[in-house]
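One structure is given here, and the rest of the page talks about it.
In the UniProt record's numbering, the protein residues as written are 1 to 434.
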């Protein structure tokens, strides 16, 4: 049997286990490219050096590459087409990927085919003479960089004062993603409308809302397929995610409308040979569907959910597409009917004094089948030192749960939340902003 060399950017142990449970695993060697810490925990991305080292590692490997894949946002998603092109491997073109990931360019192309499903938007130069005064959108609206990750530097602004504060924060921190993104843009052929819109720009968008979900799927040889719909459940009083839940509880007629919109946009973008996940809102009162964002990868936070419910993670489609095979994704073969990825969050800066001990986690796991606890902090961690946090909270840990129905998921979450205790000590001059 031929052994396929599958290179995985930023491969960690959690996702290695998911990959090794795919149907193609017996004929694949999964080889990590670059240290996951320099992708997931870094506050600086020397993209040119990272690309050079990734290429050198592939060239030095004993045996040819058969695929290069990833499962996280920037910089991984944008590096894959460049590396794949170097070795003649399957991947979307860089330009089609950027039509999804460059938020301003993406809205421009979406407006050409699904204008009724996107918000009003404007380009913002945070370093311009008077960016706040130049905006014509009515308050409130969202402002965010044309490229970031994990809702980093995304602000809801309700008035001029809040906008000025957001712009000041953006100017201070936008370079973390802007400079490496500009290096990626230099590899692409850009149309005049976005040729000068580099990573230091932002986009402002009018508010959209409703019940949020994500469609996961893939495009293989031009055909769009979907393998799941995941509900994204936010806090009632905060713009932060509480959990991702699968399968979705939305009406199938609504998700079918979302699928039609996704097919139209992906065909227009000419996106191919890749997995994707597309975020939508359904405003039930107005029965209106809004397209929020297109991501050019699976969502790693969904991987365990698919495995719990379907018996195999979403890495299944990534590996198959990258190897040039029609994916063989099956449904309903897992241990649970429903699954969730829950965020344990803290909403102010502080220093972690205590995290749940291993014995506590093991005892809880024995009584909660399928529970996985993934801490993101340790004793002594200063929350404001965490990288790539969303604007309004800090993620202390992830909690993966399975159950018979959504009610069981909620009950198991409450039990885990009571049992898994973190002690966070406040710091002087604490700030609610990560």
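Don't be surprised by glycine CBs; every beta carbon is placed ideally from N, CA and C.
- Linking residue 367 to residue 361 through their CA atoms gives a straight-line distance of about 10 angstroms.
- By the Cβ rule, the region 346–358 does not count as touching the region 248–256, because fewer than three pairs are nearer than 8 angstroms.
- Boundaries for residue 43: no beta strand (DSSP E) harbours it, and the DSSP string shows neither H nor E there.
- For the pair residue 143 and residue 204, the CB atoms are nearer than the 8 angstroms cut-off.
- Exclusion of the five residues before and after residue 16 leaves 30 as the residues of its chain whose Cβ lies within less than 7 angstroms of its Cβ.
- From the listed residues 92, 416 and 384, the smallest Cα separation to residue 356 is found for 416.
- Nearest to residue 239 by C-alpha distance, out of 246, 193, 156 and 197, is 156.
- Secondary structure note for residue 338: its beta strand (DSSP E) is the uninterrupted segment 338–346.
- The beta carbon of residue 108 sits closer than 8 angstroms to those of 193 and 194, all from its chain and outside the five residues before and after it, given in chain order.
- Exclusion of the five residues before and after residue 333 leaves 310 and 311 as the residues of its chain whose Cβ lies within less than 7 angstroms of its Cβ.
- When C-alpha distances from residue 114 are compared across 411, 327 and 260, the shortest belongs to 260.
- Taking the C-beta atoms as reference points, residue 398 is found no nearer than 8 angstroms to residue 378.
- Using a Cβ distance threshold of 8 angstroms, residue 409 and residue 401 count as a contacting pair.
- CA-to-CA, the gap between residue 28 and residue 78 works out to about 24 angstroms.
- Taking C-alpha positions only, residue 180 is separated from residue 413 by approximately 38 angstroms.
- Under the three-state reduction of DSSP, residue 277 is assigned to strand.
- Straight-line spacing of the CA atoms in residue 137 and residue 121 works out to 8 angstroms.
- Residue pairing by DSSP places residue 230 opposite 214 in a beta bridge.
- Looking only at 214, 358 and 287, the smallest Cα-Cα distance to residue 230 is reached by 214.
- Rounded to whole angstroms, the separation of the alpha carbons of residue 281 and residue 308 is 25 angstroms.
- Where residue 221 is concerned, there is no enclosing alpha helix (DSSP H), because DSSP gives it neither an H nor an E.
- Cα atoms of residue 388 and residue 176: separation of roughly 10 angstroms, rounded to the nearest angstrom.
- For residue 72, the secondary structure class from DSSP, reduced to helix, strand or coil, is coil.
- Under a 10 Å Cβ-count criterion, residue 199 is classified as buried, with 16 or more other Cβ atoms of the shown protein chains found around its own Cβ.
- DSSP, reduced to helix, strand and coil, places residue 147 outside both helices and strands of the structure shown, so it counts as coil.
- DSSP places residue 394 within a strand segment (E or B) once states are collapsed to three.
- Inside the region 78–140, DSSP marks whole alpha helix (DSSP H) runs of 4 or more residues at positions 94–101, 103–114 and 131–134, from first to last along the chain.
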